[in-house]
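In this note's numbering, the protein residues as written are 29 to 381. The beta carbon of each residue, even a glycine, is placed where N, CA and C say it ideally should be. Just so it is clear, the structure is predicted and the values come from calculations on it, not from any experiment. Comments concern the structure below.
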């Protein structure tokens, strides 16, 4: 395709989500531009693969980017948000968080955003189900639609979503990594599928935070991390006969870990005390990024160069550049105050309507 074919390719994308108004998150457009190649387009491929040959203009050409930091608080039973600079700059210190959800949740922990479908997923183990909300923007404000059940009879604590809309989550009590596919959600099927079970895969040991790309799911273990692995990488579709052969331990330096997030070639993760670490997506020797936190929990990458990490005891969310050379002992800056900060996600919307 040449650049003149871009409108035709873009016009095919709504077939994946025909009931939604068309929006292109900056992160998706960024991949469109970088991944120009002669690869064959497959309809079920991730959104980033649907325009592999197209040469697209910068995201700003489609409209103004709106970016938000979304944070959960189990102690206050709510989810809040902070508008971030559309330029990609870090959060402006001192700006107050705004309430997004303050009813219908008990102890919201992990949060994740499906950028393309503008959907927020919230893991709340006390609900015994994984839930979602449609994100709605009005000016610079965010609201949500009604609560929808994604998975029933689970104690979801952390959640992540891939580019196709498949949702993975951890059920620590059941010692499982589970998923609900995009097709299941479309049809209303809320019976989650077990992807990795600790009963047969030793690398699943009270799984906590998790993150995803379009090839692998990454999770942290909250028990026996030095033996079972602190951070584990597994394929989306494990070998049916030997699922243990589909996982790889990337780090084993912490007994108990919580949050996990991906940024370029690095994985960031937190332990249960004061530490924030990084390790390559292919594994290796972990680096200590910070020892200045008190009870770090979730983290999230904004897609442009900033990582946000929640600290539930410091009642704050901190930020740091993801590309600091060496990624060792990076100074943290406070991005926002929020009582009991726990799960973190970044939502980016580019309005092309």
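Burial state of residue i, where buried means 16 or more other Cβ atoms lie within 10 Å
{"i": "residue 357", "result": "exposed"}
{"i": "residue 367", "result": "exposed"}
{"i": "residue 219", "result": "exposed"}
{"i": "residue 93", "result": "buried"}
{"i": "residue 279", "result": "buried"}
{"i": "residue 303", "result": "buried"}
{"i": "residue 331", "result": "buried"}
{"i": "residue 173", "result": "exposed"}
{"i": "residue 103", "result": "exposed"}
{"i": "residue 88", "result": "For residue 88, the predicted structure reports a pLDDT of 46, less than 50, and the residue's modelled location is therefore unreliable. The matter cannot be settled from this model."}
{"i": "residue 328", "result": "buried"}
{"i": "residue 377", "result": "buried"}
{"i": "residue 154", "result": "exposed"}
{"i": "residue 291", "result": "buried"}
Simplified DSSP assignment, three categories, for residue i
{"i": "residue 273", "result": "helix"}
{"i": "residue 222", "result": "strand"}
{"i": "residue 372", "result": "strand"}
{"i": "residue 119", "result": "coil"}
{"i": "residue 41", "result": "For residue 41, the predicted structure reports a pLDDT of 38, less than 50, and the residue's modelled location is therefore unreliable. The matter cannot be settled from this model."}
{"i": "residue 254", "result": "helix"}
{"i": "residue 160", "result": "strand"}
{"i": "residue 125", "result": "coil"}
{"i": "residue 344", "result": "strand"}
{"i": "residue 210", "result": "helix"}
{"i": "residue 233", "result": "coil"}
{"i": "residue 299", "result": "strand"}
{"i": "residue 215", "result": "helix"}
{"i": "residue 359", "result": "coil"}
{"i": "residue 152", "result": "strand"}
{"i": "residue 227", "result": "coil"}
{"i": "residue 6", "result": "This structure leaves residue 6 out entirely; the chain is present only between 29 and 381."}
{"i": "residue 185", "result": "strand"}
{"i": "residue 365", "result": "strand"}
{"i": "residue 241", "result": "coil"}
{"i": "residue 137", "result": "coil"}
{"i": "residue 81", "result": "Low per-residue confidence applies at residue 81: pLDDT is 26, beneath 50, and the placement is therefore not dependable enough to give any value."}
{"i": "residue 200", "result": "coil"}
{"i": "residue 249", "result": "strand"}
Distance, residue j Cα to residue i Cα
{"i": "residue 67", "j": "residue 311", "result": "At residue 67 the pLDDT is 35, less than 50, meaning the model places this residue with poor confidence; the figure from the coordinates comes in the next sentence. Looking at the two C-alpha atoms, the distance is approximately 28 Å."}
{"i": "residue 116", "j": "residue 262", "result": "31 Å"}
{"i": "residue 193", "j": "residue 119", "result": "27 Å"}
{"i": "residue 137", "j": "residue 317", "result": "23 Å"}
{"i": "residue 308", "j": "residue 314", "result": "8 Å"}
{"i": "residue 248", "j": "residue 131", "result": "29 Å"}
{"i": "residue 124", "j": "residue 345", "result": "12 Å"}
{"i": "residue 135", "j": "residue 152", "result": "5 Å"}
{"i": "residue 139", "j": "residue 189", "result": "10 Å"}
{"i": "residue 277", "j": "residue 167", "result": "44 Å"}
{"i": "residue 272", "j": "residue 266", "result": "8 Å"}
{"i": "residue 96", "j": "residue 269", "result": "42 Å"}
{"i": "residue 225", "j": "residue 359", "result": "38 Å"}
{"i": "residue 106", "j": "residue 112", "result": "20 Å"}
{"i": "residue 122", "j": "residue 215", "result": "43 Å"}
{"i": "residue 282", "j": "residue 253", "result": "6 Å"}
{"i": "residue 297", "j": "residue 339", "result": "13 Å"}
{"i": "residue 293", "j": "residue 372", "result": "20 Å"}
{"i": "residue 264", "j": "residue 204", "result": "14 Å"}
{"i": "residue 126", "j": "residue 333", "result": "24 Å"}
{"i": "residue 325", "j": "residue 300", "result": "8 Å"}
{"i": "residue 222", "j": "residue 243", "result": "17 Å"}
{"i": "residue 206", "j": "residue 365", "result": "32 Å"}
Presumed contact (8 Å Cβ cut-off) between residue i and residue j, rounded CB distance
{"i": "residue 176", "j": "residue 160", "result": "5 Å"}
{"i": "residue 148", "j": "residue 98", "result": "7 Å"}
{"i": "residue 196", "j": "residue 240", "result": "6 Å"}
{"i": "residue 375", "j": "residue 141", "result": "5 Å"}
{"i": "residue 369", "j": "residue 343", "result": "6 Å"}
{"i": "residue 100", "j": "residue 150", "result": "7 Å"}
{"i": "residue 200", "j": "residue 156", "result": "No, residue 200 and residue 156 are not in contact; Cβ-Cβ is about 13 Å, not under 8 Å."}
Is it a yes or a no for the segment 227-235 touching the segment 206-218, going by three-plus beta-carbon pairs under 8 Å?
-> no
Take every Cβ of the segment 277-291, pair it with every Cβ of the segment 233-250, and state whether three or more of those distances are shorter than 8 Å.
-> yes
Should the segment 320-328 be called in touch with the segment 249-263, which here means at least 3 C-beta pairs below 8 Å?
-> no
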